[in-house]
Each structure stands twice: as structure tokens, then as C-alpha cells.
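The numbering of the sequence shown is our numbering, which starts it at 196 and goes up by one.
We put the CB at the ideal spot given by N, CA and C, even for glycine.
Note that the coordinates shown come from a computational prediction; the quantities given were computed from them, not determined experimentally.
Have a look at the structure below before the remarks.
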Amino acid sequence: MNPLHATVLGAVQGLTEVLPISSSAHLILIPWLFGWPESGITFDVALHLGTLIALALYFRRDIAELAVNALSGLTAKGGSSATRLPWYIIAGCVPAAIAGKTLEEPIEAIFRSNPAIIAALLIGFGLLLALADTLGSKKWRMDQIDLKSAMLIGLAQCLALLPGVSRSGITITAALFLGFSRETAARFSFLLSLPIVAGAALLKVGHLARHGIPEGELQPLLIGIGVSALFGYASVALLLKLVQRYSLYPFVWYRLLAGAGVLLFIFNQ
Numbered sequence: 196m197n198p199l200h201a202t203v204l205g206a207v208q209g210l211t212e213v214l215p216i217s218s219s220a221h222l223i224l225i226p227w228l229f230g231w232p233e234s235g236i237t238f239d240v241a242l243h244l245g246t247l248i249a250l251a252l253y254f255r256r257d258i259a260e261l262a263v264n265a266l267s268g269l270t271a272k273g274g275s276s277a278t279r280l281p282w283y284i285i286a287g288c289v290p291a292a293i294a295g296k297t298l299e300e301p302i303e304a305i306f307r308s309n310p311a312i313i314a315a316l317l318i319g320f321g322l323l324l325a326l327a328d329t330l331g332s333k334k335w336r337m338d339q340i341d342l343k344s345a346m347l348i349g350l351a352q353c354l355a356l357l358p359g360v361s362r363s364g365i366t367i368t369a370a371l372f373l374g375f376s377r378e379t380a381a382r383f384s385f386l387l388s389l390p391i392v393a394g395a396a397l398l399k400v401g402h403l404a405r406h407g408i409p410e411g412e413l414q415p416l417l418i419g420i421g422v423s424a425l426f427g428y429a430s431v432a433l434l435l436k437l438v439q440r441y442s443l444y445p446f447v448w449y450r451l452l453a454g455a456g457v458l459l460f461i462f463n464q
């Protein structure tokens, strides 16, 4: 992989992993549209590490607070919403962890060669996001998340294995349907993604440790890590600011236009 491809795909990963527009769809569709070779496992490691660095840096205070609260909850009688939240996040990650371990490879094999289905999922789940943003009551806050809500949002996260769905998109959609505010939905979505992104990164780092870095891949790997971390950090800040003031419709319109554009490209070939 050359440095230009690494830079473009790193930026795409950083933006689309965080924003509700599906990173997996973009990382499949962009090389397909431009005729680029597949990135391979080494570069996938770089992209996941970059995203993980961005999320860990942005939410470092939240992570520290969650860790303290989790330990406090082990000794406190009864506990509070703050001491229960870390365990709800862990519980919410279990469905996606199981689904990812068992289904990720067969799903990826099917969808990498089906851009039309990816485009349809961009459109369909974009419309679902619009429906949730319109109909959701948006009144519940972070301290009102309970185990049932966390598990339902976590189950929804399993759908993110399908390229075109978007992990942040489907978890925000589920949280909005459950009545949470946009800001709470987005923040909980990111916190819920941290263990999943970390787990995916560790699995791929393990693969890399066993097989080594292919010759000539170190430079694009480092570029991918740095660029995806930079764009990921900026994207988190942007999304959390946007949801405080505006609706999620700009992302809905983007998904609809991107999906329609891909379908038109396919049908005109």
C-alpha cells in the first residue's frame, strides 16, 4: 500500500468509525470505486489502533471515572446509577463480542463482493436513523440507563457487523428509540464501542504478532494509525457538539446520497 492510499483510508476510518455513516462500508466501497487493492490484515490493525487511540484519548476522563465507579460498586451496598453504569456497558458489549467472534469473517466474505447490498443498507438504516431521531422522546439522560436499555442497545450493535449499518449509527438509533437524548445516545454509543474496538484491535494485533509486519508495510501502517487517530478524535468532538444543537438529519441525507450514488454507479456500468 502506498502512502496516499494509507492517508485516504486512515482519514476515512477516523471519520466514518465515529460518525453514523459506517466505516466498514466506506473501507470496502472506496477501494472498489477507485480500483485500489485490498488493504489486508496489517493495515486493518493500524486503522483499529488509530480509532482506539482517538476514543481512549477523548474519553480518558470518562474511562477513569468508569473504572473508579466499577471498583466502588464492588464494595458499596446497593450502589448507584454511576457505579452500575460500567457493568451495564460491559454487559451491553457481550452480544456484539459473541456475534463478532462467530460471524465477522463469513459476513465480510459475503459483503466485500456485494456493493449493491452495502448501498441498500446505507439507505435503509439511514431512514431508520431518521425515524428514531424524529419519533424518539429524547428525554432520558445517562444516569437513567439501566441493564435492559444497555442490553437492547448492545443487541442492536450486533447489526453493525453488516457493512453499511454503522456501529455508532445503530446504537444511537436504538438509544433514541428507547427515549434517550441525542447527546446521551451518542456518548453511550462511544463508551459502548470502546471495549469492542479494543477487543478487535487486540485480536488483530495478535495476528500481526504471530505473522509479523510484511516488508514495506511499516510506513503505511504508521500513517494509518496517525491519520485515523487524528480524524477520529476530531470526529468525536464534532459529533458530540452537533447533537447538542442539531438533528442527525445531515448524516441521514449523506447516507441516502452515498447509497443512491453507489447504486447509480453500479447500474450505469
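Pick helix, strand or coil for residue 335, following the three-state DSSP scheme. strand
Out of 455, 364, 225, which has the shortest C-alpha to C-alpha gap to residue 388? 364
Is the Cβ-Cβ distance between residue 291 and residue 208 less than 8 Å? no
Residue 383 - DSSP class collapsed to helix/strand/coil: helix
Identity of the residues DSSP links to residue 306 by a beta bridge: None; residue 306 has no bridge partner.
Per DSSP, which residues does residue 375 bridge with? Please list them. 335
Applying the criterion that 16 or more other CB atoms from any shown protein chain within 10 Å of the CB defines a buried residue, is residue 213 buried or exposed? With 16 or more other Cβ atoms within 10 Å, it is buried.
By alpha-carbon positions, which one of 311, 392, 409 ends up nearest to residue 424? 392
Find out if the Cβ-Cβ distance for the pair residue 374, residue 334 is shorter than 8 Å. Cβ distance < 8 Å, so residue 374 and residue 334 count as in contact.
Closest by C-alpha distance to residue 465, when choosing among 431, 438, 419: Here the chain covers residues 196 to 464 and nothing more, so residue 465 does not appear.
From which residue to which residue does the alpha helix (DSSP H) around residue 226 run? 218-229
Is residue 258 near residue 402, with beta carbons less than 8 Å apart? no
Give me the residue from 330, 316, 289, 317 with the minimum Cα distance to residue 342. 289
Three or more C-beta pairs closer than 8 Å, one from the region 262-280 and one from the region 433-452: is that the case here? no
State buried or exposed for residue 370, treating a residue as buried only when at least 16 other CB atoms are found within 10 Å of its CB. For residue 370, the number of other beta carbons within 10 angstroms of its own is at least 16, and it is reported as buried.
Should residue 332 go down as buried or exposed, given a rule of 16 or more other Cβ atoms within 10 Å for buried? exposed
For residue 318 and residue 451, believed in contact at Cβ under 8 Å, the rounded distance: Indeed they touch by this definition, with Cβ atoms about 6 Å apart.
Cα-Cα, which of 234, 227, 247 is closest to residue 428? Of the candidates 234, 227, 247, the one whose C-alpha sits nearest the C-alpha of residue 428 is 247.
Just tell me which of 382, 415, 414, 326 has its CA closest to the CA of residue 434. Nearest to residue 434 by C-alpha distance, out of 382, 415, 414, 326, is 382.
Skipping 5 residues on each side, what residues in its chain have a beta carbon closer than 6 Å to that of residue 242? 208, 419, 423
Beta-carbon separation of residue 360 and residue 306 under 8 Å? No, these two residues do not count as a Cβ contact at 8 Å.
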